[in-house]
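Participant:
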Amino acid sequence: MRVVMLHSRVRVEERMLLDALERRGVACDVIDVRGEVFDLSDAGKWAEVDLVLDRSLSLTSSLAAVRILETIGVRCVNPSRTTEICSDKLQTSLALERGGVPTPRVCVGLGQASALQAVERIGYPAVIKPTVGSWGRLVSRVNDRDSAEAVIEHRAVLGSAQQQVFYIQEHIDKPGRDLRIFVVGGEAIAGIERRSEHWITNTALGGKTAGVDVSGEIGEISARAAACVGGDIVAVDLLECPDRGLLVNEINHSMEFRNSVDASGVDIPGLVIEHALALVGTQAGVAP
Ligand SMILES: Nc1ncnc2c1ncn2[C@@H]1O[C@H](COP(=O)(O)OP(=O)(O)O)[C@@H](O)[C@H]1O
Ligand SMILES: [Mg+2]
Numbered sequence: 132m133r134v135v136m137l138h139s140r141v142r143v144e145e146r147m148l149l150d151a152l153e154r155r156g157v158a159c160d161v162i163d164v165r166g167e168v169f170d171l172s173d174a175g176k177w178a179e180v181d182l183v184l185d186r187s188l189s190l191t192s193s194l195a196a197v198r199i200l201e202t203i204g205v206r207c208v209n210p211s212r213t214t215e216i217c218s219d220k221l222q223t224s225l226a227l228e229r230g231g232v233p234t235p236r237v238c239v240g241l242g243q244a245s246a247l248q249a250v251e252r253i254g255y256p257a258v259i260k261p262t263v264g265s266w267g268r269l270v271s272r273v274n275d276r277d278s279a280e281a282v283i284e285h286r287a288v289l290g291s292a293q294q295q296v297f298y299i300q301e302h303i304d305k306p307g308r309d310l311r312i313f314v315v316g317g318e319a320i321a322g323i324e325r326r327s328e329h330w331i332t333n334t335a336l337g338g339k340t341a342g343v344d345v346s347g348e349i350g351e352i353s354a355r356a357a358a359c360v361g362g363d364i365v366a367v368d369l370l371e372c373p374d375r376g377l378l379v380n381e382i383n384h385s386m387e388f389r390n391s392v393d394a395s396g397v398d399i400p401g402l403v404i405e406h407a408l409a410l411v412g413t414q415a416g417v418a419p
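FYI, in the numbering used here the residues of the sequence shown are 132 to 419.
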């Protein structure tokens, strides 16, 4: 069996995945995506590859490489379609709407005036986010019209074209935490809470982790969310809404899990690798 890990930096997560492969006696070529020439008319060495684990940090490179490799016929985890949807919060919201999975209300404005109208339609507090981003970056809670105008104007004047898609989400008054559920092969295998004094609970910003039980409703909604994006291996983020229960906030296609293994007590990299190896020779799931 030939397995390749595509990366742009071997972080703790990539090391953990490589260790899990090694423990199973599976050799893996570790390839920096930026150093490759992909020849569309000659599959070359890729013709022999059974599985690609895509862990590239750059979304653009990741999508380019995986689309090429899928066309050559290599099974990639995650599939490009999953990455496409999960990397974009608007596409994720649309996939969840199509799949009938509960998610916070979203309004989109494509200009400064319509963005402000979208905020006012959602009501205060509202959350304005870049459609593409992570680690809580530029996620902004606006409590009144003045702050909404300020955030929108900054984005309109200083932002790239991508920032002109104003994604406005209802604020969920969550109980000081959100939940991250790891879904592997359609099954919720582990979960953590991320708790913080700050309303943005990302661990990259100091959120503290602890394990959560993924049986019952938490596991079910997470598995349904993963199915909406055709995800083989994803992490589903849930917000607990006081009136409406669990809502899916976002889905991560190339998740970090270094802080989640001890917190959950689950061998996440081991289960990820077991499942990825079982996918060799299968078709990627198609997101509905
Ligand atoms: N609508 C919301 N209501 C309440 N908290 C939110 C909302 N959106 C985001 N948050 C908080 O901000 C964090 C970062 O937002 P998220 O949408 O996950 O962006 P990122 O992709 O940057 O992680 C979430 O983990 C959560 O703690
Ligand atoms: Mg997040």
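Glycine included, each C-beta is placed from N, C-alpha and C at the ideal position.
(1) Short of 8 Å in beta carbon distance, which residues of its chain neighbour I320, apart from the five on each side in sequence? Order them along the chain.
(2) When burial is assigned at 16 or more other CB atoms within 10 Å of the CB, is N274 buried or exposed?
(3) Measuring straight from C-alpha to C-alpha, what distance separates R206 and E387?
(4) Check the C-beta distance from M132 over to L149 and give it rounded, since I have them as a contact under 8 Å.
(5) Any chance the CB of S391 is under 7 Å from a heavy atom of ligand 2?
(6) Can you list, in chain order, the residues of its chain whose CB lies under 6 Å from that of G166, leaving out five sequence neighbours each side?
(7) Got a sec: does ligand 2 put a non-hydrogen atom nearer than 7 Å to the Cβ of E251?
(8) Considering only DSSP beta bridges, list what K260 is partnered with.
(9) Under the assumption that E280 contacts L310 (Cβ atoms under 8 Å), give the Cβ distance between them as a whole number of angstroms.
(10) What do you reckon, are the CB atoms on V250 and K260 nearer than 8 Å?
(11) Beta strand (DSSP E) containing K339: first to last residue?
(12) Which same chain residues end up closer than 7 Å to Q243 when comparing Cβ atoms and leaving out the 5 residues on each side of it in sequence?
(13) Should G362 go down as buried or exposed, given a rule of 16 or more other Cβ atoms within 10 Å for buried?
(14) Hey, how far is the Cα of D173 from the Cα of H406?
(15) CB-CB under 8 Å to D304, same chain, minus the five flanking residues each way: which ones, in chain order?
(16) Helix, strand or coil: how does DSSP classify L369 here?
(17) In angstroms with no decimal places, state the Cα-to-Cα distance between G412 and G254.
(18) Write down the C-beta distance between G342 and G322 rounded to the nearest angstrom, noting that I regard them as a contact closer than 8 Å.
(19) Run the proximity test for H302: is its beta-carbon closer than 7 Å to any non-hydrogen atom belonging to ligand 1?
(20) Given this structure, state the Cα-to-Cα distance separating L126 from A335, to the nearest angstrom.
(21) Alpha carbon to alpha carbon, how far is C359 from E201?
(22) Kindly indicate which three-state DSSP category E387 falls into: helix, strand or coil?
(23) Terminal residues of the continuous beta strand (DSSP E) containing V237?
(24) Using only the heavy atoms of ligand 2, determine whether one of them is closer than 7 Å to the beta carbon of E381.
(25) Quick check: is any heavy atom of ligand 2 less than 7 Å from the C-beta of S265?
(26) Nearest to V208 by CA position, among C217, I216 and V197, is which residue?
Facilitator: Taking the structure as given:
(1) F313, V314, V345, V397, I399 and L402
(2) N274 is exposed by the Cβ-count criterion.
(3) 22 Å
(4) With a Cβ gap of about 15 Å, M132 and L149 do not count as contacting.
(5) no
(6) none
(7) no
(8) BP columns for K260 point to Y298.
(9) That belief does not hold up - the Cβ atoms of E280 and L310 are roughly 33 Å apart, past 8 Å.
(10) no
(11) K339 to G342
(12) I283, E284 and A287
(13) buried
(14) 29 Å
(15) C372 and P373
(16) strand
(17) Straight across, the Cα-Cα distance linking G412 with G254 is about 49 Å.
(18) 7 Å
(19) Yes; taking the cut-off as 7 Å, the Cβ of H302 has a heavy atom of ligand 1 nearer than that.
(20) As displayed, the chain neither begins before 132 nor continues past 419, which places residue 126 out of reach and without an answer.
(21) 20 Å
(22) coil
(23) V237 to G240
(24) yes
(25) yes
(26) V197
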